[in-house]
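The structure under discussion appears below in the form of structure tokens.
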Amino acid sequence: MSKLNDYKELIRELAELLDKSTLSEIEVEEDDFRIRVAREVPQAAMTYSMPAPMAAAPVAAPAAAPVAAAPVAAAAAAEDHPGAVPSPMVGTVYLSPSPEAAPFVKVGQQVKEGETILIIEAMKVMNQIAAPKSGTVKEILIGDAQPVEFGQPLMIIE
Numbered sequence: 020m021s022k023l024n025d026y027k028e029l030i031r032e033l034a035e036l037l038d039k040s041t042l043s044e045i046e047v048e049e050d051d052f053r054i055r056v057a058r059e060v061p062q063a064a065m066t067y068s069m070p071a072p073m074a075a076a077p078v079a080a081p082a083a084a085p086v087a088a089a090p091v092a093a094a095a096a097a098e099d100h101p102g103a104v105p106s107p108m109v110g111t112v113y114l115s116p117s118p119e120a121a122p123f124v125k126v127g128q129q130v131k132e133g134e135t136i137l138i139i140e141a142m143k144v145m146n147q148i149a150a151p152k153s154g155t156v157k158e159i160l161i162g163d164a165q166p167v168e169f170g171q172p173l174m175i176i177e
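In this text, residue positions in the sequence shown follow this note's numbering: the first is 20, and each later residue adds one.
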């Protein structure tokens with residue numbers, strides 16, 4: 020019975036310590052004994068606020084709107100190209116293994132299926148993207164260190 024009283028006393032002490040501190044949980048482990056005392060943190064304490072967006076100063080729209088339509092049309096054409104390599108994820112594209120290294124591939128270069136053609140960083144993880152088929156790199160559609168969306172064409176391999 021003495022051990023049970025010791026456990027009760029330990030629980031009381033841990034609960035008291037929890038009340039007097041900003042901790043939300045205390046865990047004690049010794050040999051085959053383990054105890055965890057926790058409390059619910061009020062939801063308001065866990066609320067994060069985003070800074071209010073700054074209003075942009077009004078700027079006159081440039082008269083070159085028809086020129087902006089050309090890249091959109093080119094991207095749509097590349098998306099429909101049978102040799103287009105789509106991005107398998109959202110992230111940041113890197114065309115070389117490091118900033119000072121040569122790019123994985125260049126326009127005109129022959130690639131083999133499974134060969135690394137670029138890297139997409141997603142959530143701090145570097146994902147090597149392999150060529151889906153063998154062929155020649157005809158066009159690289161994205162710049163180094165540029166953001167990319169899921170399904171966006173990255174390059175054309177014929």
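Ideal placement from N, C-alpha and C gives every residue a C-beta, glycine not left out.
Using only the alpha-carbon positions, how far apart do residue i and residue j sit?
i	j	result
A89	P151	Since pLDDT at A89 reaches only 46, below the 50 mark, its modelled position is unreliable, and the value read off the structure follows with that caveat. Spanning the two alpha carbons is a distance of roughly 28 Å.
G127	I159	10 Å
I161	L173	6 Å
D38	K22	24 Å
N24	F169	60 Å
When you compare the CB positions of residue i and residue j, do they come within less than 8 Å of one another, or not?
i	j	result
E177	K157	yes
Q147	S106	no
A141	V109	yes
V112	V167	yes
E49	A57	no
V130	I136	yes
S115	D51	no
E134	A149	yes
Secondary structure at residue i, three-state DSSP: helix, strand or coil?
i	result
R31	helix
L16	With the chain running from 20 to 177 in the structure shown, residue 16 is simply not present.
E134	coil
K22	helix
E98	helix
Grab the span of the beta strand (DSSP E) containing residue i for me, first residue to last.
i	result
L52	Note that residue 52 is Phe in the sequence shown here, rather than Leu. From DSSP, the beta strand (DSSP E) with F52 extends over F52 to A57.
A103	A103 to P105
Contained beta strand (DSSP E) runs [length at least 3] in the segment 133-174, N- to C-terminal order:
135-141, 144-149, 154-159 and 165-167
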